[in-house]
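Residue numbers (this note's numbering), protein chains in the order written: chain F, 1 to 492; chain E, 1001 to 1169.
Just so it is clear, CB atoms sit at the ideal spot from N, CA and C, and this is done for glycine as well.
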Amino acid sequence: MDRPQIVLAFILGYMLLCIVVGLWAMRRTRSTHDFFMAGSRLGFLVTSVAIFSSTMSGWGFVGGPGLVYKIGAGTFWMIVSTGLGFCGMFYLLGKRLRLMAEVTSPVSLPDVVTARYDSRSTGFLTAIAILLGVLGYLGTQILAMAMVLQSVLADVASIGLLPLGVCMAISCAVLVFYCVTGGIIASVYTDLVQGIIMVVAALLVVSATVASVDGGLEGMTRTILFDDPEAMNPWGTRGIVGCLSWYFVFVFGVAGQPHLITKLMMTRKPDDARVMLPMSVVGFLLTALLWISIGLCMRTLVLQGGHAPLGEPDQASPEFLKTYAHPVLAGVVFAGLMAAIMSTADSFLNIGAAAIVHDIPRALRGRSLNNELLWARVTTVVIAAVASGVALASGKMVALLGAVGWSVFSGAIVPTVAIGFNWKRATPLACNLAILTSLVLNVGLQVFSVTLPHLFYNGAIALLASLTVFYVVSICSAPPKLDPDIETAMDL
Amino acid sequence: MTRWLIPLLLIASWTVTVAILLSPEPVAGFAIPHDVVPKMEQGHDGAQRHEHTLLLGWMFGVLLIAAFGGLIGWGSGTPWGSLMGGLLITTTVIAEGVFAAMCWSYHRQLANPDATPFFGSFPAGTAWQLYGMGSIPFLFVGIYVVFFRRQIVTDRTSAEFPHLSKSSD
């Protein structure tokens, strides 16, 4: 077998594994609660790995190295801040969401929001925010998945360069299969496999990148520094304001990512959070080594003239693996790339389906659809198809699209859930206005292609505005009357 | 303290943000295309592009770190006077110190770019960023794990947890 065939074999083996997990999980999925919440009986190991692997998405494994290649060390802020963001998520919600889930037996995050605020409109707006974010973010994941597969297949002599749409259809078929058959159970157990592959892949890649450049890591940093000192300094090419505004959205925004915080409601008991926080942080930071090392390595190799300039920054990971890694390592890491992407995409498919078949009908009609489990499966397929269309129609770079999805969630869900679930004074009106503020600012600034002075990140303004609206409106409103069970869960 | 902390942080954050947005931008701008390599950016003159924003940026960072420390202390329901509260405040102060050291290293390097000190294969400023700021989460993780049973999920929480679902039935 030659190199491209070895890589392809690893990817096919990985996809087969996902299908097997999907079939296994199908036997454990008997109700909507199983499909969306895994019956709230997950162990801490599988949940921890699912949390960090869902965070380190295709955006991290493909877009991240591309950003280091393009803008230098400024992108390290996203990694440093996400580690801190995990702490914020667990301090604010690790216990609280699990207690709330015990009181309300939710099927989704908007379910528990509706119960907390005793407001169907707040649950509805949360579901809309989730759905909009899912379409953007899921599209990003699917695009990244197709790009990786296209890059691998193009090197196999008997296959050649396939259209992006065909690669998208192949990879989506596997993703949709295990998501439809096994729901969130398949999702988190494939995440477990995917997370382990990602950690192994990241550790192996670090040694491969160091061996690819004379002088190792210091050789890379000195080459980049000699070419452009700013690129190798903490603010990269974007400057202090751009980087710190990312830092703001990433530190605070982790606690607003619905695909992560929903998993906090799936564990058996609140005590699990004690082990889950360290495991999630360590797992995330280990996998982030791939982001840093490939990005620095490819920027160095291009600056030294050892590699042709990349057509697009997002090609940094695939190009490194195809050119510099041992075939077996390339196979493992390409499988890791697919794993990183799929582990996030499956979570988005699940929460998107919940928003459509459960949250929005309940908010509008006061009750769920008949035969909800069947509709959940059908909707999963439809969402994947729509998100693929969005991804194919968008010409934007993978990393920046992902960041918009992240900031939509941050601005809408951080005030409503991360703060509002710990603050009895928070009101439904404040939540509704905060969500609307986030949606209008994030989508509006993106649609009109607004670039703020000093590259201040649009999502940071949206988050600051929604937090301010949430606080001011809550303080100015009459104190809400809480359901006694909700109040008990907030007091504990 | 918390009652005044939130409005103070919000007002301070908006003040610094508006000051940043109104400050003059560098003539060369940001994210400048690389001279030789397409699809790659460079930063050019750091002193010039940060002339009006280095101090404001540092203030913005200080506020972010203070807001984060305050938020998780408040969210965990820890009295500021308790041991855990004291450790959270100490860790936040350490984070502020590391951030200041990083900004100072960068500032010094701007004055003398040819004598960039290296630490752990990175320029000093980036080393503070990766090894310093990157280690802060582990301090918060340590506090969370050590004080978990005492302050977060206490014996009372564990005892009442099984009854939560029954009470709402």
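Exercise. How would you list, in chain order, the residues of chain F whose beta-carbon sits under 9 Å from the beta-carbon of TRP1080(E)?
Worked result: By 1-based counting over the second sequence, the position of residue 1080(E) is 80. Simply none; closest approach about 14 Å.
Exercise. Where GLY195(F) and ALA38(F) are concerned, what is the direct C-alpha to C-alpha distance, given to the nearest angstrom?
Worked result: Stepping through the first sequence from its first residue, residue 195(F) is reached at position 195. Stepping through the first sequence from its first residue, residue 38(F) is reached at position 38. So the alpha carbons of these two residues sit roughly 18 Å apart.
For this session: Using three-state DSSP, classify GLN446(F) as helix, strand or coil.
Result: Along the first sequence, read from residue 1 onward, the residue named residue 446(F) stands at position 446. In the structure shown, GLN446(F) sits in a helix (DSSP, three-state: H, G or I).
For this session: With distances taken Cα to Cα, identify the nearest neighbour of SER474(F) among VAL440(F), ALA430(F), PRO453(F).
Result: Position 474 of the first sequence, counted from the first residue, corresponds to residue 474(F). Of the candidates VAL440(F), ALA430(F), PRO453(F), the one whose C-alpha sits nearest the C-alpha of SER474(F) is ALA430(F).
For this session: Pull up the CB-CB distance for PRO65(F) and SER317(F), whole angstroms please, since I reckon it's below 8 Å.
Result: Taking the first residue of the first sequence as 1, we reach residue 65(F) at position 65. Taking the first residue of the first sequence as 1, we reach residue 317(F) at position 317. Sure, about 5 Å apart at Cβ, within 8 Å.
Exercise. How far does the alpha helix (DSSP H) with GLU372(F) in it reach, from first residue to last?
Worked result: Numbered from 1 along the first sequence, position 372 holds the residue referred to as residue 372(F). Segment 372 to 393, the alpha helix (DSSP H) holding GLU372(F).
Exercise. Looking at chain E, which residues of the segment 440 to 457 of chain F have a Cβ within less than 8 Å of any of its Cβ atoms?
Worked result: LEU452, PRO453, HIS454, LEU455, PHE456
Exercise. Leaving out five residues before and five after VAL469(F) in sequence, what residues of the same chain have Cβ atoms less than 6 Å from its Cβ?
Worked result: In the first sequence, counting from the first residue as 1, residue 469(F) sits at position 469. Closer than 6 Å at the Cβ level, and outside the excluded window around VAL469(F), lie LEU433, ALA434, THR437.
For this session: Entirely within the segment 1022 to 1108 of chain E and at least 4 residues each: give me those alpha helix (DSSP H) ranges in chain order.
Result: 1046 to 1049, 1054 to 1075
Exercise. Taking Cβ positions, are VAL148(F) and THR32(F) nearer each other than 7 Å?
Worked result: Numbered from its first residue, the first sequence carries residue 148(F) at position 148. Numbered from its first residue, the first sequence carries residue 32(F) at position 32. Not a contact, by the Cβ cut-off of 7 Å.
Problem set entry | Contact with chain F by PRO1123(E), beta-carbon distance below 7 Å | As a first step, residue 1123(E) is located in the second sequence; it is residue number 123 there, counting from the start. Answer yes: the Cβ-Cβ gap between PRO1123(E) and chain F drops below 7 Å somewhere.
Exercise. Among the residues of its own chain, which have a CB less than 7 Å from the CB of LEU493(F), if the five just before and after it don't count?
Worked result: For residue 493(F) there is no data in the structure shown, the boundaries of chain F being 1 and 492.
Exercise. Straight-line CA distance for TYR137(F) to TRP59(F)?
Worked result: Here the question's residue 137(F) lines up with position 137 in the first sequence. Here the question's residue 59(F) lines up with position 59 in the first sequence. About 9 Å.
Problem set entry | Minimum C-alpha distance to LYS424(F) - residue among PHE226(F), ASP485(F), THR262(F) | In the first sequence, residue 424(F) corresponds to position 424, counting from 1. Comparing Cα positions, the closest option is ASP485(F).
Exercise. Would PHE10(F) pass as a contact of GLY331(F) if the rule is Cβ separation under 7 Å?
Worked result: As a first step, residue 10(F) is located in the first sequence; it is residue number 10 there, counting from the start. As a first step, residue 331(F) is located in the first sequence; it is residue number 331 there, counting from the start. A contact, by the Cβ cut-off of 7 Å.
Exercise. Within 7 Å (strictly less), CB to CB, does LEU1021(E) reach chain F?
Worked result: What you label residue 1021(E) is simply residue 21 of the second sequence in a count that begins at 1. Answer yes: the Cβ-Cβ gap between LEU1021(E) and chain F drops below 7 Å somewhere.
Exercise. Are three or more beta carbon pairs between the segment 1047 to 1057 of chain E and the segment 237 to 250 of chain F nearer than 8 Å?
Worked result: yes
Exercise. Just the Cα atoms here: how many angstroms apart are PHE86(F) and ALA1127(E)?
Worked result: What you label residue 86(F) is simply residue 86 of the first sequence in a count that begins at 1. What you label residue 1127(E) is simply residue 127 of the second sequence in a count that begins at 1. Rounded to whole angstroms, PHE86(F) to ALA1127(E) spans 22 Å at the Cα level.
Exercise. So, helix, strand or coil for LEU482(F), using DSSP?
Worked result: The residue labelled residue 482(F) in the question sits at position 482 within the first sequence. DSSP places LEU482(F) in coil when its eight states are reduced to three.
For this session: Using a threshold of 7 Å, state whether the C-beta atoms of TYR471(F) and TRP246(F) are closer than that.
Result: As a position in the first sequence, residue 471(F) is number 471, starting the count at 1. As a position in the first sequence, residue 246(F) is number 246, starting the count at 1. Not in contact: TYR471(F) and TRP246(F) (Cβ atoms no closer than 7 Å).
Exercise. CB VAL180(F) to CB ARG30(F), shorter than 7 Å?
Worked result: As a first step, residue 180(F) is located in the first sequence; it is residue number 180 there, counting from the start. As a first step, residue 30(F) is located in the first sequence; it is residue number 30 there, counting from the start. Not in contact: VAL180(F) and ARG30(F) (Cβ atoms no closer than 7 Å).
Exercise. Along the chain, where does the alpha helix (DSSP H) that runs through ASN458(F) open and close?
Worked result: Numbered from 1 along the first sequence, position 458 holds the residue referred to as residue 458(F). It spans 458 to 476 - the alpha helix (DSSP H) in which ASN458(F) sits, taken as one unbroken run.
For this session: Using 10 angstroms around the beta-carbon of CYS499(F), count the other beta-carbons present and answer buried if the total reaches 16, otherwise exposed.
Result: Since the first residue shown for chain F is 1 and the last is 492, residue 499(F) is missing from the structure and cannot be characterised.
For this session: Please compile the residues from chain F whose C-beta is within a distance smaller than 8 Å of the C-beta of THR962(E).
Result: In this structure chain E extends from 1001 to 1169, so residue 962(E) is not present and cannot be described.
For this session: Using beta-carbon positions only, say whether LEU152(F) and LEU463(F) come within less than 7 Å of one another.
Result: Counting from one through the first sequence, the residue named residue 152(F) turns up at place 152. Counting from one through the first sequence, the residue named residue 463(F) turns up at place 463. Here residue 152(F) turns out to be Val, not Leu, going by the sequence shown. Taking 7 Å as the Cβ cut-off, VAL152(F) and LEU463(F) do not qualify as a contacting pair.
Problem set entry | Whole-angstrom distance between VAL62(F) and ALA399(F), CA atom to CA atom | Working through the first sequence from its first residue, we reach residue 399(F) at position 399. Working through the first sequence from its first residue, we reach residue 62(F) at position 62. Here ALA399(F) scores only 48 on pLDDT, less than 50, and its place in the model should not be relied on; the value that follows carries that caveat. If you take the alpha carbons of ALA399(F) and VAL62(F), they lie about 8 Å apart.
For this session: Measure the Cβ-Cβ separation of SER212(F) and CYS297(F) and say whether it is below 7 Å.
Result: Position 212 of the first sequence holds residue 212(F). Position 297 of the first sequence holds residue 297(F). In this structure, CYS297(F) lies closer than 7 Å to SER212(F) by Cβ.
Exercise. Taking Cβ-Cβ distances shorter than 8 Å, what residues in chain E pair up with THR95(F)?
Worked result: Residue 95(F) sits at position 95 when you count from the first residue of the first sequence. Note that residue 95(F) corresponds to Lys in the displayed sequence, not to Thr. Those within 8 Å of LYS95(F) in chain E are ILE1152, VAL1153, THR1157.
Exercise. If you draw a straight line from the alpha carbon of LEU132(F) to that of GLY216(F), how long is it in whole angstroms?
Worked result: Mapped onto the first sequence, residue 132(F) falls at position 132. Mapped onto the first sequence, residue 216(F) falls at position 216. Each residue's alpha carbon lies about 43 Å from the other.
Problem set entry | Beta-carbon spacing of THR75(F), THR267(F) below 7 Å | In the first sequence, counting from the first residue as 1, residue 75(F) sits at position 75. In the first sequence, counting from the first residue as 1, residue 267(F) sits at position 267. Cβ distance not < 7 Å, so THR75(F) and THR267(F) don't count as in contact.
Problem set entry | Test item: CB-CB of SER466(F) and PRO415(F) under 7 Å | Sequence index remark: in the first sequence, residue 466(F) carries index 466 (1-based). Sequence index remark: in the first sequence, residue 415(F) carries index 415 (1-based). In contact: SER466(F) and PRO415(F) (Cβ atoms closer than 7 Å).
Exercise. So which residues of chain F does ILE1072(E) contact, with C-beta pairs closer than 8 Å?
Worked result: Within the second sequence, numbered from 1, the residue matching residue 1072(E) stands at position 72. Going along chain F in sequence order, the residues near ILE1072(E) (Cβ under 8 Å) are CYS87, GLY88, TYR91, LEU92.
Exercise. Are at least three pairs of beta-carbons, each pair with one atom in the segment 476 to 491 of chain F and one in the segment 444 to 457 of chain F, less than 8 Å apart?
Worked result: no
Exercise. If you run the structure through DSSP and keep just helix, strand and coil, what is LEU310(F)?
Worked result: Translated into positions along the first sequence, residue 310(F) becomes position 310. In this structure, LEU310(F) counts as coil in the three-state DSSP scheme.
Exercise. Is it the case that the Cβ atoms of GLY352(F) and VAL134(F) are separated by a distance below 7 Å?
Worked result: By 1-based counting over the first sequence, the position of residue 352(F) is 352. By 1-based counting over the first sequence, the position of residue 134(F) is 134. Yes, Cβ-Cβ distance for GLY352(F) and VAL134(F) is below 7 Å.
Exercise. Using 7 Å as the limit for Cβ to Cβ distance, is HIS1163(E) near chain F?
Worked result: For the purposes of this step, residue 1163(E) is taken as residue 163 along the second sequence, with counting starting at 1. Closer than 7 Å: no.
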